[in-house]
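Peer 1: Numbering (this note's numbering), first residue to last: 4 to 95.
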Amino acid sequence: SSSINAMVYVRGNRADYDRWADLELTTWSYAHVLPYFKRQESWEDGAGPYRGGDGLLTTERSRFQDPLIEALAEAGLAAGHPTTEDYNGAQQ
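(1) Locate the beta strand (DSSP E) running through residue 28, then write down its first and last residues.
(2) Per DSSP, residue 45 forms a beta bridge with which residues?
(3) Using only CA atoms, which one of 81, 48 and 54 lies nearest to residue 37?
(4) Judging by CA-CA distance, which residue of 66, 95, 60 and 52 is the nearest neighbour of residue 45?
(5) Applying the 10 Å Cβ sphere with the 16-neighbour rule, what's the burial state of residue 3?
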C-alpha cells in the first residue's frame, strides 16, 4: 500500500500481468490492463505510451532527495544494474 511506500505510485510488474494471461486470465495481460492504468492517471508530463494525461489520479516525479539514495543508485550502476527514469514506463 502507499502508506508503507512513501506514497509512491508503482504499478505491478509487466511480467506478472503477462504470467496471469498465460494462465488463461487473458484480460489480465499487461497490454490489456495498460489502458486502464492510463485512463485513471494524470501524469505531470502529460499522456504518453505508458502514462495517462487527464485521469483523476495525479502523479509526478518525486522531489525528495537523499544522499543515501543517490549513493545506492550509483552503487547499482557500478555493479552493472540498469536504471530507469520512469518505473511505470517501458522498463520497471
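Note that beta-carbon positions come from the ideal geometry of N, C-alpha and C, so glycine has one too.
Peer 2: On the basis of the supplied data:
(1) Note, residue 28: premise wrong, no beta strand (DSSP E); not H, not E.
(2) 56 and 61
(3) 54
(4) Ranking the options by Cα distance to residue 45, first place goes to 60.
(5) The structure shown does not extend to residue 3, since the chain is modelled only from 4 through 95, so no value can be given for it.
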